[in-house]
Structure formats: C-alpha cells, structure tokens
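Have a look at the structure below, then the notes.
There are 2 protein chains.
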Amino acid sequence: MKKFIFDFTEGSKEQKDLLGGKGANLAEMTSIGLPVPPGFTISTNACIHYLASKEFPQSLKKEIQEHILTLETKTAKKFGGLTNPLLISVRSGAKFSMPGMMDTILNLGLNDQSVAALAKKTDNPVFAYDCYRRLLQMFGDVVKGIDKSRFEDYLSHYKKQKNYSADTEMLAEDWQQVIEVYKEIYLEVTQEVFPQDPYQQLYAAVEAVFRSWNNSRAITYRRLNHIDDALGTAVNLQAMVFGNSGNHSGTGVSFTRNPATGEAGLFGEYLINAQGEDVVAGIRTPLPIKELAQQQPKIYQQFQEICQLLEKHYRDMQDIEFTIEEGQLFILQTRNGKRTAKAAFKIAIQLVADGILSKKEALQQLTPEMITQLLHPVFSESHLKTQTAIAKGLPASPGAASGKVYFTAAAAKQASENGEKVILLRQETSPEDIEGMVVSQAIVTSRGGMTSHAAVVARGMGVCCVVGCDSLEVNEFLKQAQFAEGKIVEGTEISVNGTTGEIYLGTIPCEPSQEFPLLEKIISWAKEQGNLQVRANAETFEDIQTALQFGANGIGLARTEHMFFGEERILEMRKLILAENKQERQNCLVILKDYQKYDFMEILRLTADLPCTIRLLDPPLHEFIPKESELPEMARLLNRPLSMVQQKVADLKEINPMLGHRGSRLGVTYPEIYEMQTQAIMEAALELTINEKCQVCPEIMIPLICEEKELAYLKNILEKTIQTLFEKYQLTIPYKIGAMLETPRACLTAKSLATTSEFFSFGTNDLTQLTYGFSRDDSVKFIHEYQEKKLLAEDPFQHLDLAGVGQLMQTAITQVKPLQPEISFGVCGEVGGDPQSLVFLKEIGIDYVSCSPYRVPAAILTIAKLAK
Amino acid sequence: MKKFIFDFTEGSKEQKDLLGGKGANLAEMTSIGLPVPPGFTISTNACIHYLASKEFPQSLKKEIQEHILTLETKTAKKFGGLTNPLLISVRSGAKFSMPGMMDTILNLGLNDQSVAALAKKTDNPVFAYDCYRRLLQMFGDVVKGIDKSRFEDYLSHYKKQKNYSADTEMLAEDWQQVIEVYKEIYLEVTQEVFPQDPYQQLYAAVEAVFRSWNNSRAITYRRLNHIDDALGTAVNLQAMVFGNSGNHSGTGVSFTRNPATGEAGLFGEYLINAQGEDVVAGIRTPLPIKELAQQQPKIYQQFQEICQLLEKHYRDMQDIEFTIEEGQLFILQTRNGKRTAKAAFKIAIQLVADGILSKKEALQQLTPEMITQLLHPVFSESHLKTQTAIAKGLPASPGAASGKVYFTAAAAKQASENGEKVILLRQETSPEDIEGMVVSQAIVTSRGGMTSHAAVVARGMGVCCVVGCDSLEVNEFLKQAQFAEGKIVEGTEISVNGTTGEIYLGTIPCEPSQEFPLLEKIISWAKEQGNLQVRANAETFEDIQTALQFGANGIGLARTEHMFFGEERILEMRKLILAENKQERQNCLVILKDYQKYDFMEILRLTADLPCTIRLLDPPLHEFIPKESELPEMARLLNRPLSMVQQKVADLKEINPMLGHRGSRLGVTYPEIYEMQTQAIMEAALELTINEKCQVCPEIMIPLICEEKELAYLKNILEKTIQTLFEKYQLTIPYKIGAMLETPRACLTAKSLATTSEFFSFGTNDLTQLTYGFSRDDSVKFIHEYQEKKLLAEDPFQHLDLAGVGQLMQTAITQVKPLQPEISFGVCGEVGGDPQSLVFLKEIGIDYVSCSPYRVPAAILTIAKLAK
C-alpha cells in the first residue's frame, strides 16, 4: 500500500513536490527544532489519486486515523474527546501557493459535546464557544460553499441587537445563541445537520481541499502562471494552538525584511487574543510587530532569533506566521516572502553583503519580470484600488501612463505639440504612424498580437503599450472607441497599464522608477556569469544609449528602414519609389545616402568597438506609401499626376506582402538601393576610422535570404561597392557580410549559405510565421482560441517553438558549426529577449541574442541564471 | 598532352559527351562498315578548353595537321593541293542538337588556285566554281558574320541581268564573275582578303564553331531546355563528297518512318546534282525519296537496306542524311528522328510489335511532353505560319483556342450563354470567377505564375491557359488590354496557344486531338512498370471521369471548397459567413450539407473501390465574398443592411490571407463546418454501401495542420460525428482521417502527428510558399528576375525544390516510415504531376502522387520510365 501521509518529523524543505510548500516547510522547521505544533501532511499523491478515481481512498482514512492517534499521544489530548479535546487545523498546501484554493479550517474536531469540554478544561467558555462558531462558519463556507455573508449578517444583527460594538464584548451565552442559529443556517442550506463526528468533519475538509484543486479560479491561475495541472495539492493537519485564548495569547505575520523596500529588520503585525483570520479580516486593526517588543519582550526576542535563523537557513527573506498561546510562541508557517522588484534587488544585494549568498545564488532570486517591473513607471497602488478597468488587452510593453486619446498619428502629434499628454488609440499601427507613436505616453490597439507593429515598436521605445484590446471597438473615421459601458472620443482621458494590459478611464497618478543604480549592480554581476552575449535591436541615438547603459554587448539589429520614416526622409523615399527612370532614382538615392551616412556615423560612434550589425532594407516598398486617402496630398508634394501615383501604388500592392517583394528580393531587383546603403555604412565607418580613430567593424546583414546563389549575388554587389570605397579612401578596414536566417529554406540550407555568409542571425519572428504559416498580423483572430483549447501551449511569437522553429535553428547550427566554428549565430527576433526561450537558445549554441533595449537586462539576468 | 581529336574509326555512339551527337554517330556508322566519307572529330574538351582560355591551343593546330595528313593519305588527295585537292566539310556537333549554333561550312580548302585544279581534275569547271562561291558565301556568313543577303542579292541581280531563271543555267564564267564580286564583298565587310591558306580557313572555321556555343540564341535555347552550359560542342571535319558533281550525283535526307504520323516506310526527299543546303534552301523543289527507286534503283535499294540496318542498330526511327557522288552512296549523318507525339506513340508501339524494343524500352522513347502534345488540340500548323504573336506569357495549361475576349466572369458567362466562344482575359482570377472560367475556351491573365489560381484551375479543367502575360496591360474597368502595337477590347477575337504561351489576334483554326487509343495502350504498359501510384486532383464528375480514363488510381485530392462556388451554393455559403447566430448558421449548414452529400455520392460512386481523399474546407472565408462593388447586390440578396455586410467583410480581411484564418484554423473556430462536411461525406458513404453495395473507404484530409494537438482536437470532433452516424445507420464502414503536410512545422513534427494521422499528403504548393517565403501570387514580380540572374535554377512552384522543400519532406518520411510503415505519404501539389520532380519523390519513398487529370498520364509514364 502506498504511503500517503508524512509526519512533520519525517519530511524536509526539498520535498515540495510531495508535501507542498507549506508541508515541506513545516517539516523543515520541525526538524531544526523550532516550536511547531505537531501534525502531519497528506501528500499530493493522495490528491492526485483522489482526482483520478473520484473517490476518497479507504486506505487514506485508515492512515489518517493512525496519525491522529499519534497526535493524540503527542499532545495528550483526544480528538473529539470529552475532557481534553484535540482540535485540528486543516490547510491546503500545493507546491506553488495559489489563490482560489481552499485555504484554512481551524478548530476542527469541535462538536456540541467537546465544546463544553473545552470550555471546562480551559475555564474559558467565551473562548470555547467562539472557537466552535468559527468552525461552523469556516466549515460551512469552505467545505459546503455556504455564502459567508449568511453567517456574518446574522452576527452583525445579533451584536446590534445587543448593542455590542466588537466581538470581544460577546459573552459565552451570546456565542451559544449564535451557534444555534449558525447550525440552523447550515441545515437550511445543506439540508444536513452539521456533522458531530470529528472524523466526518475531517474527511469532508480534506476532500474539499482536494476538490478545490480543480475549481475554476485555480485552473485559470495555473494556466496564467504555467503551473502543471497534474501536480495536485497536499493537505496539512496540525494540532491547534490558540491565539484567541486570552490576553497573553495572540497571532501575527511578519517578513524578515521590508517586502516593499527591501530594508533590513522585521516588518509585520499582530493581534492580541485573536485567531489567524482576524489579522487578515480587518475587523480589528493589528499592531506593528515592533510593539510586541514592549508587550512581550521575551517572546519578541525569541521570535527575532527564529526569524534570523530561518532567513539564514532558507538563505532568503522569509514570510512567517506565528501564534502565541498563553505566553508560548509557535511558528505556523514560513516561506520565501513575496516582494516588490525593488525589494528583491535590495535584498539580493544585502544577502550577498551579509555573506549569506554568493552573487550567483543571489541572481537566482531575481526574475526577468522583476527587472521589467523595476524599470517602468507604475500606477500608484493606492489610487489604483479605487479604479475599475474598462477594457483589457495584451500587455505588450510594460509601464503605466495617462493621457488624452487621439485616433491618428497626425492628431496625436499636433496635440503633443500643443503640450498635451497623448495616448494613441488605433485599430493597429503601421510604420507611417511612427511620429505619432514617438510622442505618445502609451499606445493602445484593438488588434494585433504581442509582436504586432505597435508592440514591437513600443517595446523598442520602452513606451507603455496594450495591443489586441478587442473589447474596444475602434472607429478611426468617427474618432471613437466603443466599450461595454460607454465610449471614448477624441480627447477622453484614459490610463493605460502596459504591465497588466488594463485600460482605465481618467488619469491615475504614476510613480516613476528610480531604481537604476540597483539594476546596474545586478547587471554587472550577471555579466560575470553568462557566456551567451546580449545585444540590442536599436538604431536611434536614444535607444542605443539606453541599450548600452543596460549592459548590451553591441547592436545585433539596426533596422535601416526605420531611418526612412522621418518627415523629410519619407518624402525622398517616396520619390525614389515613384521615380520614372534611373536618373531620378539616382538623385533620390544621393539624398537618402547622406541621411543614412549621418545615422550610421552616430550608430558606429556609439557602439565603437562593440559589434554592430546593420540590416539592409527589409520591408516591401508599399510600406512607405501612405493610405489611399492621402494620395492626392502625396501627388501634390511629389508634383506628379494623381493617376500615376495611384497606378504605382496599385502595382506595389501585394496579396501576401509578408511573402512578397521585400528584403533580399528588393536587393536583387533594385541593387542600387543596397549599394547606396552599403556606401553610407562604409563611408561612415571609413571616416570614423580616419577622423576619430574609431576601431569599427560593421556587420552588414542581408534579410530574407533563401538561397546561396542569391546571397552570393548580393554579397558580390556589396563587395564591389566596398572595394571602390577602399580605393577612394586609400584605406581598408574590417567588415563582415552575413545573412539573416528567417526562411525555413535558409535554415535547411545553412551549410551552403555558410560558404558565402560570414555570420548568421536568426530572424525568429519571420521564421515563426513561415514555420507555422501564421501571419503575425492575422493570427490574433484565432490564436487565442487555440490557446484556450490548449491546442497551442503558448504563443510561439512570444516563446520560441522548440519542436518546429527550434528544430530548424538547430538544423542550421548543426550543419555549420562543426565545419566552420568561426561563424557566429545570433538571434534577433522577439524571442531573443524572452527568458523562457533563452534556455533552449543557450543549449543549441547560439552565440548572442539581440532584443529591444528594455529587454536587455532581463536577458542578461536570465543567461546568468542559466550559467552552470 | 591531352588528345583533342578522334578519328571516325576510333569512336562509338556512346561517346556523345566527348564527340557530340553527330561525331559519335559518324564514328558508329564507320565502325559498322557503312559508307561514311573519312574524317575526324575535334572533341568537346577542345571547345571547353578554348572557351576557358579564350585561345586556340597550339597543340590542337598540330593535332589537326596530323589528322589532315591521315585524311590525305586515305583519300589520296591533298588539302589545298593543286592537282587533286582535298576539300573538307566542317560541322558543329554538340551532345544535344541546338538551334543557333554555327552549323556547316562545305568545300573548305578551296582557294583561287585549287579551284582551278578541281575544275581540271573533275573536268567540270561549273561544279568547281560553284563549290568555291558556296565556300565564300558560307564562310563569309558563318565565320565572319557577313549578312547572307549581301551575297544572295548580288546573285539574283546577276541572274536577272543574264536572264537566267535557275542556278543550273549558270556557266563557269558566270560563277567566276560572281566569285570576284563575292571576294570584294568579303573584303569590304571584313577589311580582310578572303584567306587563301586552307589551314587558316580551317582554324577560323573551327574557332567559329567554338565561339558559337556562347551566342545568345544558343544560351537561350540551353536555358529553356535545361542543357548544361559547360558541355561545349564538338567539331566534325570530313572529306567532302559532292552531290553537285553532275546528274548521277545528288543529296537528300530521309526518315526511316513518317515523323508526323509514325507510318512505316521511308519518308524523305532528295535533289539531283545538289549540295546539302540546296535541299533546305527551297530554291529547287526536292523529289520524294520514293522516286529515287525509279531514277537509281540500285542506290535506292542500298539506301533502304542501310536505313533498316540503322533503325535496328539504333533501335529507333532514324533521320539520315546522304549524298550520291557519281553513282556512289555516302551516309553523312544519322540520328534519332524528331517526331510528333502521335508518331512517337505509333513508332513505339510498332517497334515493340516488330520485336526491336521491349515495352519497357519503348516507354523510354516517350516523354511526358508528348502526352501533353497528344492530348490537346493544336493550331493548324499551316495557318499558324502566317501569324505573329502579339504577346507571350507563361504556358500554364496546354491546348489551343480562339474566341472573343471578355474581361469579367459575368460578361464571359453572358456571352457564352448567347452562344459565343469566349476567352476570359483578366489581371488575375479568383475563385469567384469560376463560372466565367468554366465557359471559356481559354483563360489569359496578365499576372500570376504557373501555379496561380487561373493556372491551377485551368489545368484541372484541361482548359488552355496563359498566365503572367505582362506585356498585356489589362484594365478590367475600362474593359481593354493594351499591348505594344494596339489594344484588345471586349469582343476582340484572339487565339491563345497554351502550349507556347503565345497570343494572336484573330481566329486560328484548330486541330483536335484524336489520339486517345494510342495513349490508352501506352498507359496500360506504363502501369505495369511503376510502383508509385498516380491519383488525380479532381472533384467534378467530368474531371474524375477524365482522370480515371487517363489511368488515375483514385482521387488524391477532392477540394470541397470548389463545390461551394455554384451560383446557389455560394449564396448559402455567404449566408453562413454572415450569420448572426448559431441558429442561422445551422440553417445554412443544413442546406449546404445536402449539396455536399450529393457531390460526395457522385465522387465516391465514381471512384468506387479506388482510394478517394477528400479535403475539408481550406481557403479563408473572405474568398467566398464578392468584391467591394458587388456588396450592395449581395446585401440585397441576403436581405441584410449594407453596413453590416461591409463590416463583416472588413472583419474578414487579412493582411496575409495565405498565413491567416483558413484550413484547420477554420475547423477549430467553426467546428460546425467540418462537422457538416464530415456528415455529408459519411452519409454519402453509408448510403452507397447500403443502397448500392459499394465498397467505399473515404479518406478525410484536414488541411494546414501545424501541431499534433490541433489535429487530435479536430480528429476527435470528426470521429464523434462519424460514431453518431454509425449508430444512426446501424452500420460501421471503414474510413481514414489524415493530415495534409503543408506547413514546415507539420513536416518537422511529423512523428508526433503520426500518432494521430492515418495518412499524410504533402501539399507542396503551400509548403513551397512557406519554405521560401514566396507568395505564389506575388512572387511573379521578382521570380523571373531571379531566374534571369540565375539565382534560382527553376521556379520551385513548377519543379520541386530538393534542397529546401524536398529536405522537409524527407525529414517527415524518415521520422515516420521506420516506425509506422503502414502510414502512406502522398503528394497533392502541382509538383506531383511534374516529371522532373517525380525522380526525387520516388527516391524518398512517396507512396502516391496526385495531380490534375490531364497530367495523370504523363506522371504514369514518367514513373514507368523511372522503374528499375
């Protein structure tokens, strides 16, 4: 027969899978001699067994009875006994603590007889009957699902009748009366009498815990937090100690350090003469833990020592529950304390300073999410409490911001110039919206996923962004957005939480992040650990500076097309696209080259001796063309007949632009564009070398390659251009030409590409689109449904798909690395900054990842945590 | 030193790589004792060497001299000799005969002195000076590029002056005068005197042959016919024999069988007293070969015997050149004769009947192109001669047709109903054009590639089609198409050649194909050979019937969406898409189910015990929605507000529909559609089993799968539906559920899909799109340029890309076959019917291919030819 139950004296803190977090820690504390009331844990295996068979195992009942007997012996009390009754607390305890789970039932074992015995034994009938009514209330609520308010309303009514203002005024007779009514409520709702048999109470409580594993709140929580549904929960049964047994008793919780700021010193609160739930319930105001030093100095001293011991033992800040019974201290729970990002960073640094943790161990306590949280402004918690979200979308770029809504980039820009704080709200954004996006406090779209244009650009800029917010019905033409209870019009003030995806009406005050020095220290530690480099996807002065400050080891992706979207530049770009002959095209290219050269000077100067990968023009040309309605204006600006502009725009239209005339394909059909870009890059590099003694080595990257001959053709064009410049400047400098691996075919034929390419970078966004046949722009229509139906474990645009995309990447690396180990493999798609994906990327031998500047520190931390 | 030259006595017919086709056959005929004038072949290696070094190798000159000496000995003549001069013919001869190559120079070695010697020796000065002027003319034209008309115009002028009507009237003095003027023309154009040194003539001629390998016509021809540029050409030098040396001399060509009809018996013509080029030149009318039997019965007898010998020796119909010199027969060339498809089939069947070839060998003489040619109507050759094409596109579906142009499906349909023969001319077609396509004699589009909608549908229907005809500027709104010299308007009559891609103005008479019995015999032989099955992509009664008649082994792809495009059905489909609630949707589905069930009855009844794979709905829903301008009409028909229809259409719009909400994704989000289709299929199957005792086993195929969970989810829905029907009908019949492998991810994870899928079929069209990131619809914009720049050897939509797409397919098969050999792998994309791709498909272990009905016989033949 399988053993389902473990006494607290049997387990240890490592056994969380079996005993749950709470059980494992109770066992651990017992084993190191702390004053833990005796008890035992019903393992997660029992829960799994129960859920599979839908039956309470007979053998488990027997095992419970045996352990209760032991407990009776240890405590010299008897479960359901009529002289000195043993009372039990029942608490759930999964491996990870989860909301929605059945939590706690106290005082189990009391019935109409034993309550009298308890009253007699303690000589405290008020206490005894209070315990019984609490049991009735908790059991009714938690096990039988009776609405709590049924009990509470009656108690309020009773106290009012009696003119009592607090529970403490209640006499034993009062509680007895209340108990009678509670039992009636119980009978009325459940059509059963409250069970008098303590074992019946016990089994029902345990079964309720098991069942609560599969209630909908718990399921949702697990899905959101990627917790395996098969883990199951444990149940802890423990002899009761009573904080409500008089004025030398009490109960409280304390952190070993401040969980909000990380400051050292106990941080908690307690209540005299109270049971656990009273602290949380908020009926009486608890006292700060420090006051215990005055009230019970010896107990306080003992508690402080235990706290220090536990922190050292667990090597982390602890969150501890305790009870004092008649001047005797009991520890009921300890766990690693939840903390804000700021506190986490401070505590990690302190623990290293205190010699408790090594740097490497301290890094393990930090998560990438904490960095995100640390860096972005947040809504003030107190103000947020009073608000209700009107809509919720995908949290695409963290942060918090308020402002007035505008529905077009132009309107947003105009308003911003008038000094307004603006929020751009659109169905979706496109590159031409960039000037409106730049000036916005936050960007909200009703369509698109985590890697939509809005999301990518916003993250790149570190601007708060919510996408795919489909409960907002945005009509850009009417300049309004409908939501369930109203509508937003131009100028409506809203607040956007990019960390949660929630949208609020009105302005909510923000608290800016001021934590950069903390982060800097952690990044420097992290960089000592990892061997996988982190670069940034960036091309503007601000972004590159941010990235380098955040520890980026160079630029892994500078997108040259982003530089064409300035107001003057896009006009030149449009002229280029509409040019009627080579001469006209050449004229535009001369002007564009000067712009680009200026940009590349700045980029290469900033990155200096760090690597810098510049990608040649990638998007289809029609992305540079404005919308239908703006064509007349464009024709006027370009001084061309409208019909000609319309014809050209129609010619550029593609059915599947993602699979169309873009990237290397533009390079093949318009080699002069890539020549111009190469000239701009290399002239900048040469002039920096000559005039500023910089040591630069530009890495020129060609996008969308799918065939070796294509790459060789383009490389040849680039090299000829470069050779001409070397002759002109009478100087040769190092450079590299490489291919982006973003089509499945490029990955499959990497070996042949490697004869031409000097480096590779996986473009995982496009590679994912092509491997699945999912359009990033369109898949939002069905990808949620796939996730809900569990057909996709995760959005492959957020977390690398190992089986498909990962396999292609591995194929490429395996083909090339053994023969040409000098060829580096980077990743410059969104997953390059995704902590979860980094595990696999490191495993397959990626040399560097590149992500948006604000994701750089999290990536560095993740890699450090992966280091052996 | 490398040996560059081989005497005719040294080689054999197997050495075509080294000696070229002509040289190898001259050597072969020499070795079997036929009367071939002596000579030697300069090998292709010499050409390759020359082209690489751009220099005429000294060693080659020496070798030539040595072989000329041998020739002098054999013929007892002397090259450039003044008593009995040796004259030489120079002919190119590559491995494959090619137009555009420098062909022939006769009488080489003559000069001002030796011509007199020849005159004296032969006592025939007319002959001698005629030979010399021919040399001047041919050498000037072929080696020096002097426009032929310069010579011809003068000769005409001279004869007119003299009142001669034919060359035969020319006297020696006349030729001498002409020679003087020819030499002046030569000097004027080349600024050189005509070389008197015979060796100088010879080297120049050989070099000219070498150079002609790289003239642009030759290059184009090689590209079109996939001939390797690196092969090079050989040069044959041979002692002259003279058909123009009197009335017992002559020259001619003959096939051993009729090359147009395949009938047995010599088929050729000859001229008395003439040199080779006179037969072709058309100045004198040659006589049918049969007349030689009267004129020179002994020679005819000898020739006939040689013809029979050569046909047996080469085991194929021969095309033979001969010359009679003073009553003596010489054979100058033999080669396998070019023939029409019809002749090829007849000859192959005859050769088997004659015991010359086995069936297997006979099949090797037939090509898939011949089947295509055999099956489709063709323009009458005599009428075609007088026409010039006005435009040329991609030959998407073979055949020939004439009719009046219409620019919309509706107009085409209307005109067709009025009894007109119509040709649909559009920028591109979409599924809603289907009713216009069905009634058209031919379909022409200005955009799109070989696998565009128009091309695929037209091939499926066996309708002549030209796509990507971008020299036609089609404006559907103005109903006109501009071409270089004019424009086509509605009602203009044009003729379309789907075999060549050419478009003509006016009507050209057609000759229909009547050759089905020939084909039937060949298919039956072919089916004895291959072990790779051929199925058809078909769903209409006509197509399935055609496919089965053509030898298809079942249906590999019945596209259920094609069944929704009928006029009534599409209305129901549109109602379904616009339904506002489940009830409305359900109502439409009931009606659609009846339509589908009727179709499936027909399909399954026709295919009977052959396998039949039915694919569930694949395209995105917006493909069923008409264009913007037709929405008001649709709103009226559906009785819905226009705004609602517009909104729905806008919602369905996708940026990259190819990567969007379609295929299995529709199945996941609208399971009721797949349920309906499954019901229709299985009810049809059950009722056929019960009422008609058919033994059917429908294979239901789910498109666009990219994940095992997705497949399992859908399979479960289908199976539940089927189980319900089995209970209802009280009968269980066999069926299979399988996945289409058309995303890279499906191929990469085939092993996990195989736990759920009972069969697989590669959708190579979509797989190619995704592997390259090429949209079939859009890639036409750049794919030509890729081919011109040799960045893509071939269009991967026409011929399977082995390195990328092929690798993915192989990965899938390798993952699954060893573990689950019972799972079949089919191919149902366009390349399934492509002979070139079949080699690879057979190699990787594909179980069957499926292609449009008209491609079935060619596929069967190709597979038979591949059989070991």
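As given, the protein sequences belong to chains A and B, one line each in that order.
First residue of the first sequence? That's 1 in the numbering used here, and the numbers climb one at a time after it.
First residue of the second sequence? That's 1 in the numbering used here, and the numbers climb one at a time after it.
C-beta atoms are modelled at their ideal positions from N, C-alpha and C, and glycine is treated no differently.
Burial state of residue i, where buried means 16 or more other Cβ atoms lie within 10 Å
i: lysine 865(B); result: buried
i: alanine 260(B); result: exposed
i: aspartate 147(A); result: exposed
i: aspartate 112(A); result: exposed
i: glutamate 263(A); result: exposed
i: methionine 869(B); result: This structure cannot speak to residue 869(B), because chain B is shown only from 1 to 868.
i: arginine 636(A); result: exposed
i: phenylalanine 825(B); result: buried
i: valine 90(B); result: buried
i: arginine 877(A); result: Any answer about residue 877(A) is impossible in this case: the structure gives chain A only from 1 up to 868.
i: serine 852(A); result: buried
Residue i (DSSP reduced to helix, strand or coil)
i: valine 241(B); result: coil
i: isoleucine 5(A); result: strand
i: tyrosine 595(B); result: helix
i: leucine 329(A); result: strand
i: valine 496(A); result: strand
i: asparagine 124(B); result: coil
i: threonine 261(B); result: coil
i: lysine 575(A); result: helix
i: alanine 362(A); result: helix
Near the ligand MN: residue i beta-carbon under 7 Å from a heavy atom
i: glutamate 277(B); result: Because no ligand of any kind appears in the structure shown, any question about the ligand MN cannot be addressed here.
Along the segment 773–788 of chain B, where does the CB come closer than 7 Å to a CB of chain A? Name the residues. So the close ones are Gly773, Phe774, Ser775, Asp777, Asp778, Lys781, Phe782, Glu785, Tyr786.
Can you pull out the residues from the segment 653–680 of chain B whose beta carbon lies closer than 7 Å to at least one beta carbon of chain A? If the cut-off is 7 Å between Cβ atoms, the segment 653–680 of chain B has Glu654, Ile655, Asn656, Pro657, Met658, Leu659, Gly660, His661, Arg665, Val668, Thr669 near chain A.
Is the segment 232–241 of chain B close to the segment 165–179 of chain B, with three or more CB pairs under 8 Å? No: fewer than three Cβ pairs fall under 8 Å.
Would you mind listing the beta strand (DSSP E) stretches within the segment 386–425 of chain B that are 3+ residues and don't spill past its ends, in chain order? Every unbroken stretch of the beta strand (DSSP E) spanning 3 or more residues and falling wholly within the segment 386–425 of chain B is given here in chain order: 394–397, 400–406.
Do three or more CB pairs link the segment 768–785 of chain A to the segment 762–774 of chain B at distances below 8 Å? Between the segment 768–785 of chain A and the segment 762–774 of chain B there are three or more inter-stretch CB-CB distances shorter than 8 Å, so the stretches are counted as touching.
Any contact of the segment 203–222 of chain B with the segment 147–158 of chain B, i.e. 3+ C-beta pairs under 8 Å? Here the segment 203–222 of chain B does not lie against the segment 147–158 of chain B, with fewer than 3 beta-carbon pairs under 8 Å apart.
Return the residues of the segment 696–719 of chain B that lie within a Cβ-Cβ distance of less than 8 Å from chain A, sorted by chain order. Residues of the segment 696–719 of chain B with a C-beta less than 8 Å from any C-beta of chain A: Leu704, Cys706, Glu707, Lys709, Glu710, Tyr713, listed in chain order.
For the segment 213–233 of chain B, which residues have a CB atom closer than 8 Å to at least one CB atom of chain A, in sequence order? So nothing in the stretch comes that close.
Considering only residues of the segment 751–796 of chain B, which uninterrupted beta strand (DSSP E) runs meet the minimum length of 3 residues and lie entirely inside it, listed in chain order? Here the runs fully enclosed are 759–762.
Residues, ordered as in the chain, of the segment 804–825 of chain A that lie near chain B by beta-carbon distance below 8 Å: Contacts with chain B (Cβ-Cβ distance below 8 Å) from the segment 804–825 of chain A involve Gly804, Val805, Gln807, Leu808, listed in chain order.
Would you check if there are 3 or more beta carbon pairs closer than 8 Å linking the segment 227–235 of chain A to the segment 39–51 of chain A? The segment 227–235 of chain A, when compared against the segment 39–51 of chain A, does touch it at the 8 Å Cβ threshold.
Determine contact between the segment 674–683 of chain B and the segment 692–703 of chain B, defined as no fewer than three beta-carbon pairs at a distance below 8 Å. Three or more pairs of CB atoms, one per stretch, sit closer than 8 Å, so the segment 674–683 of chain B contacts the segment 692–703 of chain B.
Would you be able to state if there are at least three C-beta pairs under 8 Å between the segment 487–507 of chain A and the segment 322–335 of chain A? With the cut-off at 8 Å, the segment 322–335 of chain A and the segment 487–507 of chain A do not touch.
Can at least three beta-carbon pairs, one atom from the segment 596–608 of chain B and one from the segment 645–652 of chain B, be found at a separation below 8 Å? No, the segment 596–608 of chain B does not touch the segment 645–652 of chain B.
Quick one, which residues of the segment 738–763 of chain B are near chain A if we go by CB-CB under 8 Å, in chain order? So the close ones are Glu742, Thr743, Pro744, Arg745, Leu748, Thr749, Ser752.
Give the list of continuous beta strand (DSSP E) stretches no shorter than 3 residues that lie fully inside the segment 499–569 of chain A. Positions of the beta strand (DSSP E) runs, each at least 3 residues long and wholly inside the segment 499–569 of chain A, are given as 502–505, 533–537, 555–559 in order along the chain.
Three or more C-beta pairs closer than 8 Å, one from the segment 344–360 of chain A and one from the segment 294–303 of chain A: is that the case here? Too few Cβ pairs lie closer than 8 Å, so no.
Measuring CB atoms only, is the segment 550–568 of chain B touching the segment 609–622 of chain B, in the sense that at least three cross pairs come out at less than 8 Å? As far as the Cβ criterion goes, the segment 550–568 of chain B touches the segment 609–622 of chain B, which means the pair count is three or higher.
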